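4 protein chains.
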Amino acid sequence: MPIRVLVWNEGRDERNIPEARVLYPNGLHEAIAAPLRKSVDFTVATATFESQPDHGCTAEVLDATDVVIWWGHKLQREVADVVVDRLQQRVLDGMGLIVLHSAHFSRIFKRLMGTSCSLKWRVTENEREILWVTRPGHPIVAGIDDHFILDHEEMYGEFFDVPEPVETLMISSFSGGEVFRSLCTWQRGMGKVVYFRPGHETFASYHDANVLRVIENAVRWAAPTVDSKRANFGKKTKDWLDAAGS
Amino acid sequence: MPIRVLVWNEGRDERNIPEARVLYPNGLHEAIAAPLRKSVDFTVATATFESQPDHGCTAEVLDATDVVIWWGHKLQREVADVVVDRLQQRVLDGMGLIVLHSAHFSRIFKRLMGTSCSLKWRVTENEREILWVTRPGHPIVAGIDDHFILDHEEMYGEFFDVPEPVETLMISSFSGGEVFRSLCTWQRGMGKVVYFRPGHETFASYHDANVLRVIENAVRWAAPTVDSKRANFGKKTKDWLDAAGS
Amino acid sequence: MPIRVLVWNEGRDERNIPEARVLYPNGLHEAIAAPLRKSVDFTVATATFESQPDHGCTAEVLDATDVVIWWGHKLQREVADVVVDRLQQRVLDGMGLIVLHSAHFSRIFKRLMGTSCSLKWRVTENEREILWVTRPGHPIVAGIDDHFILDHEEMYGEFFDVPEPVETLMISSFSGGEVFRSLCTWQRGMGKVVYFRPGHETFASYHDANVLRVIENAVRWAAPTVDSKRANFGKKTKDWLDAAGS
Amino acid sequence: MPIRVLVWNEGRDERNIPEARVLYPNGLHEAIAAPLRKSVDFTVATATFESQPDHGCTAEVLDATDVVIWWGHKLQREVADVVVDRLQQRVLDGMGLIVLHSAHFSRIFKRLMGTSCSLKWRVTENEREILWVTRPGHPIVAGIDDHFILDHEEMYGEFFDVPEPVETLMISSFSGGEVFRSLCTWQRGMGKVVYFRPGHETFASYHDANVLRVIENAVRWAAPTVDSKRANFGKKTKDWLDAAGS
């Protein structure tokens, strides 16, 4: 059975920013979705901030989703509570979540991390990013050499305020000498969470073969693996909650 | 300079439940605070749900607090947003947080974990809990033998829905055969978070020397260690946030 | 392409201990190998302490092996240096290793852990073991309910002297009230290491459907995922080593 | 009671290499020991490869040692088995170990890690290293700003073949664009292990205030915290080992 992927993208920068429009005429989501669609292992849907209702993240849509890829930026604070709550619950129930680039500040990522998710940042310039593998052999870096280079990217620097990752798979350096944990994993409930750094809207990162390879690997890795029998894990839980709430 | 501790306790069960009133006539918070007060290493304040304003957790109080100990139960959902937000920010800025027993469902713990924090539970009976050390040598279990026993406690069982702890220091078994990760640590921002399981209000756990020893150790371990220079970590952060929000 | 599995078993207890002979007439290795052989996803070989040469672990055999399952006991100290060195190198190069029961004291496991790997233990009696899942959703516990029970097993208790696992997937309790981290993972180099507790030679654990399911899941999880391009990770390594050694 | 520190240094490069002799006329060990000696919190001894007997690491010396700092290089393979065995056992029993720079290839570090501990490396040139804090608030980086710079150091690059650290506290970038996890911690048995990258013998790193501050912090953090009651953790261990060995 194929892995059912939902690529979510804010979707406004590509209309408002000329460079982004040229690079991603159909939106970042289509650039990310297209390579996945080439494999029979995936079925791929997309949604944007403006999708109706619930930014395209209804219960029905998520019922048919195994892994969500999330790209957000300037509208992040405007994502509705009901969507953030629903995404969180789905991750706890086993849905995978791949968080990209500026979505480090998405409400769903901050919710799952419990921290500010802040980082250092520089007004966009052409900077060279080198991404180094720090855990060869991990499925998410399968097929990636010991490093790869993106000639034009936006700088993100430490301290990246996230909980200590379970696995730190890649670390970047930038022309300015900054470093950043660029590919990390966490577990939340029964779900797997991946953060992957590249992808500024005015650069061609989502046309880079290595970036796309990591994203595809991450989708495979984060997919739920089983009839998870969640009921059993939950049904014996504190029953006073029903009365007293929590 | 002494470590400044705030012991926070919901404070209602000890008035409403006869067994609790007998065991903790001055409240759970006083039972926890009293042993700490014997050492010149600590200055100890207390607060309860009914403390005014902000359940006793104003900015001024937290300015003078290094470590918060938190015990909550039936009123957890009623803790005000402003208090949860403030506690979270303080932990990210370096304040230590020790979460006890039923406060696994406190809003601040759930906020910091990003998960449901649910667990298995049985209507209170007299059950024997054995707590085993799984990481001897760690400062929080200093002075604790390879295990200790609480003859009367409430059962908590796995799956405990929290992120993989950075350190799992003690694991409990119960008469019914259940197990539970009873003493765990996480880091959030610059702050340290500890969860410690024992402490049902109708049992004498907060009069047990081993339990009190772990709590005191945890306070020492979770205390901020330094002039943290937070400004520097923050001031170079994404400046578009000021405009676009996050 | 199938995963190539080598089931290694000391192989002497089943000849010397009557109960073991009855339960495992073809050896523990055959009991573990048989269910894997039913799937086209695996090709399965076996070897024992007495296999010639190198206890059946020659370079040629390991060249054709993706995952090794290891069961050892009284002869562990007699396993040859060359075999331990070779196994370690293969794991660092990406081979998976599943360590079972008393093989916690195998030389290869101690070599990879860097610790004593000691634990508490009781002369074999009929004891009930309950194994609880502490990380639902992980591929290695796919298809396992929230717990399962083995009516007859040997007690292992904490402190289990291993490095903090990357993931703690199951925790056991025993009739005597002891607890044990029964299913854990670590990474070493490019290889994945799993420890799984059950499997005393005089009990029927390797005929238990849940135990066999976990082992099969672990094999799938620990298999190397890719053309690992080890050369690139190694070739730029300190060249003074060639001269000065290390 | 002061923390008893043993600074161990191979001690030959400073005699053979002119630049090292100028920078460290009394040896690297004295440069590291001198600042610690200024505090009443420490008592400091030193030893070198040539110390007699056992490279200065006899049982008697280690009986009087809480934390060992280790710097090694070209003679690492010649350190005697008995010394490596003894150091490992002491760490498992609670002694702290701080491993510096090229001692990533020391036998004791490789023994405790279980991996090759290899890394990328370039023939020594003047390269700028920037060390970034990735976990502010941790005691080992107390008093350190968000980063510090060493103008002249030797490049070490990922993949650094060590087990996933429990905590990654600093990450370096180098002029060539490489990155390295420069300050990491692990636990082994009851002991704490720290790796800290800087310290090439021909550069002035051990005269740098930030480097020395991290080393002092690490010594405080790695010191054993308690009467560890090891006996109890060990005495119930598998008794068949006495007969059968392990």
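Protein chains in written order, with our numbering: chain F, 1 to 246; chain G, 1001 to 1246; chain Z, 2001 to 2246; chain V, 3001 to 3246.
Yeah, the Cβ is synthetic: ideal placement off N, Cα and C, and Gly gets one too.
Computed from a predicted structure; not experimentally measured.
Counting only runs of at least 3 residues, the region 2016-2096 of chain Z fully encloses the following beta strand (DSSP E) elements, listed from N- to C-terminal order: 2042-2048 and 2067-2071. Between SER2182/Z and LEU2131/Z, the gap from beta carbon to beta carbon is short of 8 Å. Not a single CB atom of chain F sits nearer than 8 Å to the CB of ILE3144/V. Residues of chain V with a Cβ closer than 7 Å to the Cβ of ILE130/F are, in chain order, GLY3177. Close to ARG3090/V, with beta-carbon spacing below 9 Å, lies no residue of chain F; the smallest spacing is near 27 Å. In the DSSP assignment, LEU3212/V falls within the unbroken alpha helix (DSSP H) covering 3209-3222. For the pair ALA2064/Z and CYS2057/Z, the CB atoms are not nearer than the 8 Å cut-off. From the beta-carbon of THR3115/V, the residues of chain Z found nearer than 7 Å are LEU2092, ARG2188 and GLY2189. In the DSSP assignment, ARG188/F forms a beta bridge with GLY191/F.
Inclusion of HIS2104/Z and ALA2080/Z in the CB contact set at 8 Å is not warranted, their separation being larger than that value. Residues of the region 1208-1224 of chain G with a C-beta less than 8 Å from any C-beta of chain V: PRO1224, listed in chain order. The residues LEU1150, GLU1153, SER1172 and PHE1174, in chain order, have a CB closer than 6 Å to that of GLU1129/G in the same chain once the five nearest residues on each side in sequence are set aside.
When secondary structure is reduced to three states using DSSP, ILE2140/Z falls in the helix class. The Cβ-Cβ distance between GLY1096/G and GLY1191/G falls below 8 Å. With a cut-off of 8 Å on Cβ pairs, the region 1205-1214 of chain G is not in contact with the region 2154-2165 of chain Z, counting fewer than three such pairs.
GLU3050/V counts as exposed, since fewer than 16 other C-beta atoms from the protein chains shown sit within 10 angstroms of its C-beta.
Taking all protein chains shown into account, ALA2218/Z has 16 or more neighbouring C-beta atoms within 10 Å of its C-beta and is therefore buried. In the displayed model, LEU1112/G falls within a helix according to three-state DSSP. For HIS200/F, there is no enclosing beta strand (DSSP E), as DSSP gives it neither H nor E.
Short of 7 Å from the beta carbon of ASP13/F, and not among the five residues preceding or following it, lie these beta carbons of its own chain, in chain order: ALA20, HIS73 and GLU201. Taking 7 Å as the upper bound on Cβ-Cβ separation, chain Z lies near residues PHE3159, ASP3161, PRO3163, GLU3164 and VAL3166 of the region 3145-3174 of chain V. Following the DSSP letters along the chain, one finds ARG4/F inside the beta strand (DSSP E) bounded by residues 3-9.
At least one beta carbon of chain V lies nearer than 8 Å to the beta carbon of LEU2112/Z. The region 3027-3043 of chain V makes contact with the region 3003-3012 of chain V, as at least three CB pairs between them are under 8 Å.
Minimum Cα-Cα distance from VAL2194/Z among the listed residues HIS2207/Z, ALA2223/Z and PHE2203/Z corresponds to ALA2223/Z.
Taking 8 Å as the threshold, the shortest C-beta distance from VAL2193/Z to chain G does not fall below it. Taking the beta carbon of ARG181/F as reference, the chain V residues within 9 Å of it are THR3134, THR3168 and ILE3171, listed in sequence order. In the structure shown, the three-state DSSP call for ARG181/F is strand. Taking 8 Å as the cut-off, the beta carbon of TYR156/F is found no closer than this to the beta carbon of TRP186/F. Residue pairing for PHE2148/Z: DSSP places it in a beta bridge opposite LEU2131/Z. Comparing alpha-carbon positions, the option among ILE2017/Z, PRO2139/Z and GLY2189/Z lying closest to TRP2221/Z turns out to be PRO2139/Z. Taken atom to atom, the span from the alpha-carbon of THR1134/G to that of THR1115/G is near 24 Å. Of the residues GLY176/F, GLY137/F, SER106/F and VAL67/F, the one whose Cα lies closest to the Cα of ILE98/F is VAL67/F. Using a Cβ distance threshold of 8 Å, PHE3160/V and LEU3119/V count as a contacting pair.
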